[in-house]
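Pasting the structure below:
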């Protein structure tokens, strides 16, 4: 998709060299201060390029790229106000983009819009952000599902699923169906110490699947296959223990995300993950 986007933008009046510079900056992203700064610079460059674009279509594609870069940064900020402001920038950029795009490209923009809304809500507090879920995030996700649920490694299913699992009043079993769909449709193999194992290409597909299974109390009647859940958990644990080289087998370009999300899970950075990891460590020996 990114090669197609670059080709479209080159055909516009936007400087191809500058677009490639922004892409190069984003490729340098990492969990270090320098890597975060590179992602921020990339997002800022895409915003400037969008302002210079001579068509809504070109501007929309650039706003999607801005959203992706700033989403990466937002997940690594420490100050609550800064986090909220940064995620707000993401969903505003993505909202403009989705209003100008169609089909899979619109679904991709809606993914960034909804993902940023979700992280904004988690930061703000679920109860204080319910109106956004009902009036903005949920409609966006359902619209994207009809267009292309598979964008961003089944990102639409992943985000809908997690929201259904967390938001009061939503059906948790439906949430589990979505996160299981995301997990099972993105499986790949990794090899650690000569042993081949199966996991998702997208780290959060795995982690949300595990979270959902625990939310449903690991009960078969709730649609949870404990054997499959334990396989997913033990594989994730082995990858985390093996470190960055194993993580690169999942997603070399996005290894910073794999590292950050797995660390958050296994270091129990949230109550949700603490409960999930604790119970699965007990059940999946």
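In this note's numbering, the protein residues as written are 140 to 424. Cβ coordinates follow ideal geometry from the N, Cα and C atoms, glycine included. This structure is a prediction, so every number in the text was calculated from the model and none was measured.
Bridge partner(s) assigned by DSSP for residue i
| i | result |
| --- | --- |
| residue 413 | Note: residue 413 sits in no beta bridge, so no partner. |
| residue 374 | Per DSSP, none; premise fails for residue 374. |
| residue 360 | BP columns for residue 360 are empty, so no partner. |
| residue 331 | 334 |
| residue 339 | 326 |
C-alpha distance - residue i paired with residue j, whole-angstrom precision
| i | j | result |
| --- | --- | --- |
| residue 238 | residue 245 | 8 Å |
| residue 311 | residue 192 | 43 Å |
| residue 352 | residue 368 | 7 Å |
| residue 288 | residue 294 | 7 Å |
| residue 385 | residue 298 | 25 Å |
| residue 303 | residue 394 | 27 Å |
| residue 361 | residue 301 | 16 Å |
| residue 259 | residue 226 | 6 Å |
| residue 214 | residue 199 | 23 Å |
| residue 359 | residue 343 | 22 Å |
| residue 173 | residue 218 | 18 Å |
| residue 164 | residue 230 | 21 Å |
| residue 357 | residue 365 | 6 Å |
| residue 158 | residue 178 | 14 Å |
| residue 267 | residue 319 | 28 Å |
| residue 373 | residue 309 | 29 Å |
| residue 228 | residue 255 | 9 Å |
| residue 176 | residue 410 | 29 Å |
| residue 406 | residue 414 | 11 Å |
| residue 422 | residue 408 | 21 Å |
| residue 281 | residue 187 | 31 Å |
| residue 274 | residue 323 | 30 Å |
Residues near residue i in its chain [Cβ-Cβ closer than 7 Å; skip 5 each side]
| i | result |
| --- | --- |
| residue 404 | 346, 412 and 416 |
| residue 340 | 292, 325, 327, 389 and 390 |
| residue 383 | 394 and 398 |
| residue 189 | 198, 201, 202 and 205 |
| residue 290 | 243, 246, 247 and 250 |
| residue 207 | 251 |
Inter-residue CB distance, residue i and residue j (contact presumed, cutoff 8 Å)
| i | j | result |
| --- | --- | --- |
| residue 317 | residue 283 | Contact flag wrong, Cβ pair sits at about 12 Å. |
| residue 296 | residue 321 | 4 Å |
| residue 222 | residue 262 | 5 Å |
| residue 233 | residue 203 | 7 Å |
| residue 371 | residue 349 | 6 Å |
| residue 286 | residue 257 | About 18 Å; that fails the 8 Å criterion. |
| residue 248 | residue 276 | 14 Å between Cβ atoms; not a contact. |
Proximal residues to residue i (C-beta, below 6 Å), its chain only, five neighbours per side dropped
| i | result |
| --- | --- |
| residue 269 | none |
| residue 387 | 394 |
| residue 418 | 353 |
| residue 337 | 326 and 328 |
| residue 477 | Not covered by the structure: residue 477. The range shown for the chain is 140 to 424. |
| residue 161 | 181, 184 and 185 |
| residue 420 | none |
| residue 334 | none |
| residue 315 | 351, 355 and 362 |
| residue 236 | 199, 202, 203 and 248 |
| residue 332 | none |
| residue 211 | 168 and 178 |
| residue 240 | 199 and 248 |
Cβ of residue i within 8 Å of any chain D Cβ
| i | result |
| --- | --- |
| residue 329 | Chain labels in this structure do not include chain D; a single protein chain is all it has. |
Other residues of its chain near residue i: CB distance less than 8 Å, five sequence neighbours each side excluded
| i | result |
| --- | --- |
| residue 306 | 265, 269 and 272 |
| residue 424 | none |
| residue 392 | 166 |
| residue 170 | 215, 395, 398 and 399 |
| residue 401 | 342, 346, 375, 378, 379 and 386 |
| residue 330 | 336 and 388 |
Inset, instruction - Note down, one range per segment and in chain order, each alpha helix (DSSP H) of at least 4 residues found wholly within the region 284 to 327. - result: Listed in chain order, they are 290 to 305 and 311 to 323.
Legend entry - Inside the region 225 to 266 only - alpha helix (DSSP H) runs reaching at least 4 residues: 242 to 263
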